[in-house]
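Q: Sharing a structure below in structure tokens format, with a few things to ask.
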Amino acid sequence: MNSRRAPIALALAASLALPGCGSDAQDSPLIGQTWQVVAVHTDPLWPGELPADAAGKAELRVSGSSLRATTGCAPLRARVERGDQDPDRLTLHEVELGEVGACDGGSRHVHDQLTGLLTEGAQFDVRMFGEREATLTVVGDAVDRASIRVMAL
């Protein structure tokens, strides 16, 4: 191959290899943004809106393979794994909840809901609604699966 074609061939080969990076966790729309929890649906008989005194207190951020969150009452950390077959599926591992401290009212209610969902081995299907809104729905067979609705800050 002549010396003028070699750089072109190398650039072409590199560009063909890029699609293989599609399963990297960095490709998830959730990665790198802070997401405020705006609703938690755990009971089909009750609306999922947050109580007024809990609004704006719970949020999460996924960076690479780690999740850092606050439940509105305590910090929470976990390792996040994306599905090989379904990159929009997240599984939580090594979930650690920090000290709760004084927490009551609506904030405590949201904390209890989130800590009931963000557990070891929990799986969520992520559905994006544009670039700034998403729903994390618990994987399962139930018709009314629990979910967490978030908005990008």
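1 is the number of the first residue of the sequence shown in UniProt numbering; add one for each residue after it.
Here a beta-carbon is modelled for each residue, glycine too, at the ideal position from N, C-alpha and C.
Keep in mind the model is a prediction, meaning the values are calculated, not measured.
For Trp46, count neighbouring C-beta atoms within 10 Å of its own C-beta (all shown protein chains included) and say buried if the count is 16 or more, exposed if not.
A: Residue 46 sits at position 46 when you count from the first residue of the sequence shown. So Trp46 ends up on the exposed side.
Q: Identify which residue in Gly56, Thr135, Val37 and Cys103 has its Cα closest to the Cα of Phe124.
A: Taking the first residue of the sequence shown as 1, we reach residue 124 at position 124. The option with the nearest alpha carbon to Phe124 is Thr135.
Q: Roughly how many angstroms lie between the CA atoms of Ala102 and Ala74, to the nearest whole one?
A: The residue given as residue 102 occupies position 102 in the sequence shown. The residue given as residue 74 occupies position 74 in the sequence shown. Using only the alpha carbons, I get a separation of about 10 Å.
Q: Who pairs with Pro75 in a beta bridge, going by DSSP?
A: The residue labelled residue 75 in the question sits at position 75 within the sequence shown. Thr70, per the DSSP bridge assignment.
Q: Helix, strand or coil for Thr42? Go by DSSP, reduced to three states.
A: To locate residue 42, count along the sequence shown from 1; it is residue 42. Correct three-state label for Thr42: coil.
Q: What residues in its chain sit with their C-beta under 6 Å from that of Val150, if we drop five residues either side in the sequence?
A: On the sequence shown, residue 150 is found 150 positions in, with the first residue counted as 1. Closer than 6 Å at the Cβ level, and outside the excluded window around Val150, lie Trp35, Val37 and Ala134.
Q: Check Asp24 in the structure and name its three-state DSSP category.
A: Here residue 24 refers to the residue found at position 24 when the sequence shown is read from its first residue. Note that Asp24 scores a pLDDT of 42, beneath 50, so its modelled location is shaky; the value from the coordinates is reported in the next line. Here Asp24 sits in coil by DSSP.
Q: Starting from the C-beta of Gly105, find all residues in its chain whose C-beta is less than 8 Å away, skip the five residues before and the five after it, and write them out in chain order.
A: Counted from its first residue, the sequence shown places residue 105 at position 105. Closer than 8 Å at Cβ, skipping near neighbours: Pro51, Asp53 and Ala54.
Q: Tell me which residue opens and which closes the alpha helix (DSSP H) that Arg61 is part of.
A: For this step, residue 61 is matched to residue 61 along the sequence shown. Looking at the DSSP string, Arg61 is not in any alpha helix (DSSP H); the run it does join, the beta strand (DSSP E), is Glu59 to Ser63.
Q: Closer than 6 Å by C-beta to Ala39: which residues in its own chain qualify, once you throw out the five before and the five after it? Chain order, please.
A: Your numbering for residue 39 matches position 39 in the sequence shown. Here the set comprises Gly48, Glu49 and Arg149.
Q: Are the CB atoms of Leu30 and Val126 nearer to each other than 9 Å?
A: Translated into the one-based positions of the sequence shown, residue 30 becomes position 30. Translated into the one-based positions of the sequence shown, residue 126 becomes position 126. In this structure, Val126 lies closer than 9 Å to Leu30 by Cβ.
Q: Report all residues from its chain with a CB closer than 8 Å to the CB of Leu114; omit the five preceding and five following residues, and keep chain order.
A: Counting from 1 along the sequence shown, the entry for residue 114 is found at position 114. These residues qualify, in order along the chain: Val37, Val40, Ala58, Ala69, Thr71, Gly72, Leu76 and Ile148.
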